[in-house]
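Residues 1184 to 1316 (the working numbering) are what the sequence shown spells out, left to right. For every residue, glycine included, the Cβ atom is placed at its ideal position computed from N, Cα and C. Below is one structure; the comments refer to it alone.
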Amino acid sequence: MNEPAKKEQLVPDESQPQEQTLSKEKTLAEQAPPSYECRSCGYTYVPSKGDNQGNVAAGTLFTELSNDWRCPVCGVRKTQFINIGAQDAPSGFAENLDYGLGINRLTPSQKNILIFGALGLGFIFFLSLYGLN
Ligand SMILES: [Zn+2]
């Protein structure tokens, strides 16, 4: 019968300190999970991409990979990888290429091949810019 007044809970609590939001401010690079590079072959594990060949879902942190996960390129163990920090945070370079090419109908694995190929082409193109000088 005597229900407690629930109106009080609806009143916004203005006494919460604003500092909480400020202290959480980080750069994009700091928010993104770190990538790990294979010291043996240079392959980079990017958490947001995962590892198609190793059946690792995109979004899996390197530290969450099973201990028997191997480098998909050269096959070394996780211990051969080093933390190189977040690599995929601000630039969005590969994603922009996707838009231009209109490859949305391709399967993820086909996309990956295209993305890595595009990255390679982009890198060559980038180098060629130096030649113009
Ligand atoms: Zn490797």
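Three-way DSSP call (helix, strand, coil) for residue i in this model
i            : result
residue 1238 : coil
residue 1231 : coil
residue 1295 : helix
residue 1313 : helix
residue 1225 : coil
residue 1300 : helix
residue 1268 : strand
residue 1206 : Low local confidence applies: a pLDDT of 47 at residue 1206 is under 50, so the model's placement there is unreliable, with the coordinate-based value given in what follows. Reduced to three states, the DSSP call for residue 1206 is helix.
Option in the options with minimal Cα separation from residue i
i            : options                   : result
residue 1243 : 1267, 1255, 1217 and 1226 : 1217
residue 1257 : 1228, 1302, 1308 and 1311 : 1228
residue 1246 : 1261, 1255, 1236 and 1269 : 1261
residue 1269 : 1226, 1231 and 1223       : 1231
residue 1291 : 1308, 1249, 1238 and 1304 : 1238
residue 1293 : 1236, 1311, 1307 and 1305 : 1236
residue 1267 : 1300, 1313 and 1226       : 1226
Cβ separation of residue i and residue j, assumed to be a contact under 8 angstroms, to the nearest whole Å
i            : j            : result
residue 1264 : residue 1221 : 6 angstroms
| task | Just jot down, in chain order, the residues whose CB lies closer than 6 angstroms to any heavy atom of ligand 1. | result | 1221, 1223, 1224, 1226, 1254, 1256, 1257 and 1259
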